[in-house]
Amino acid sequence: MPDQPRFELYAYWRTSATYRVRVALNLKGLAAQERFVNVDAGENRGEAFLKINPLGGVPTLVEAGFPPLTQSAAILEYLEEIAPNPPLLPSDPHGRARVRSLAAMLATDTHPLITPRIKRYLMEHGFDDAAWRAWQIQWFSTGLRAVEQRLASESQTGRFCHGDTVTMADIVLMSIIVVVRVFKIEVAGTPTVNRIAALCEAQEAFAKADPMRQEGAPQP
-2 MPDQPRFELY AYWRTSATYR VRVALNLKGL AAQERFVNVD AGENRGEAFL
48 KINPLGGVPT LVEAGFPPLT QSAAILEYLE EIAPNPPLLP SDPHGRARVR
98 SLAAMLATDT HPLITPRIKR YLMEHGFDDA AWRAWQIQWF STGLRAVEQR
148 LASESQTGRF CHGDTVTMAD IVLMSIIVVV RVFKIEVAGT PTVNRIAALC
198 EAQEAFAKAD PMRQEGAPQP
């Protein structure tokens, strides 16, 4: 009988943050049993899930014997510590700080602006669908172009965001790219981002995590 997965991952097909954790698990060869949480239907605001994650966010990673882990950045760091190969952070302090900085530009400064709870608040305070789409385009474009500027100008950029192997920066970058595509938004003027995205997509760990391949994704 095969071993049971070490983790449970409370997830939703479309979320950028869940995608990050899927990719990291795939890269490190770690298995997780996904528990589907329908964010659009409000299941993440239900009493049962709020006992697991009081903020009502996905992903949430559960490991037997430990409290649930929330926040994708913290989960990535945890997976890096318990399964250090392949490494998702450089070996030098400055390199690690740069990777974390690039990742934070998108995971901290960009992604939170386009989450369902932000949409819900704005729609309750005067936004319509057109205004919401303009909001998405504004903040996706601002974040990706800022990252493009750094990647195109800094010598540490290699085949990937930092050097020639995948790091957390690439995972977070792709987590924004895949959601931009779900929303059918195009951001011009990001050739370095596009080049790196193509390299990431060619790897099975990223391809398996694609939102359109997950439970609950709309069928073609």
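Straight run, no breaks: the sequence shown in the numbering used here ends on number 217.
Glycine included, C-beta positions come from ideal geometry on N, C-alpha and C.
*Have a look at Ile193, Glu31, Val34 and Arg156 and flag the residue whose alpha-carbon is nearest the alpha-carbon of serine 172.*
Ile193
*Helix or strand or just coil, what does DSSP make of valine 59?*
strand
_If I measure Cβ to Cβ from alanine 206 and keep anything under 7 Å in the same chain, skipping five residues before and after, which residues do I get?_
Tyr16, Arg19, Val20 and Asn23
*Determine, using beta carbons only, whether isoleucine 252 and valine 184 come nearer to each other than 9 Å.*
As shown, the chain starts at -2 and ends at 217. That puts residue 252 outside it, with no answer to give.
*Coil, strand or helix - tyrosine 239 by DSSP*: Because the chain here runs from -2 to 217, residue 239 falls outside it and cannot be looked at.
*Continuous beta strand (DSSP E) stretch holding glutamine 211: start and end*: Per DSSP, glutamine 211 belongs to no beta strand (DSSP E) and is neither H nor E.
*Determine, using beta carbons only, whether arginine 97 comes closer than 9 Å to chain D.*
The displayed structure is made up of one protein chain only, and chain D is not part of it.
*Delimiting residues of the beta strand (DSSP E) encompassing leucine 86*: Run containing leucine 86: none; DSSP gives neither H nor E here.
*Report yes if the C-beta distance between asparagine 35 and glycine 213 is below 9 Å; otherwise report no.*
yes
*Start and end of the beta strand (DSSP E) containing leucine 6?*
4 to 8
*Just the C-alpha distance for glutamate 198 and asparagine 82, rounded to the nearest angstrom, thanks.*
20 Å
*Mapping DSSP to helix, strand and coil, what is glutamine 30?*
strand
_Quick check on threonine 112: does DSSP put it in helix, strand or coil?_
coil
*asked:* Taking its Cβ as the centre, do 16 or more other Cβ atoms sit within 10 Å of arginine 11, making it buried, or is it exposed?
replied: buried
*Measuring CA to CA, which of Pro87, Phe180, Tyr75 and Leu141 is closest to alanine 127?*
Phe180
_Environment of isoleucine 79 [buried if 16+ CB atoms lie within 10 Å]_ = exposed
*Check each candidate in Leu27, Tyr9, Leu66 and Ser13 and name the one with the smallest Cα separation from arginine 3.*
Leu27
*By how many angstroms is the C-alpha of leucine 73 removed from the C-alpha of methionine -2?*
Reliability fails at methionine -2, whose pLDDT of 41 lies under 50, so the model's placement of it is uncertain and the value that follows must be treated cautiously. Going from the Cα of methionine -2 to the Cα of leucine 73 covers about 29 Å.
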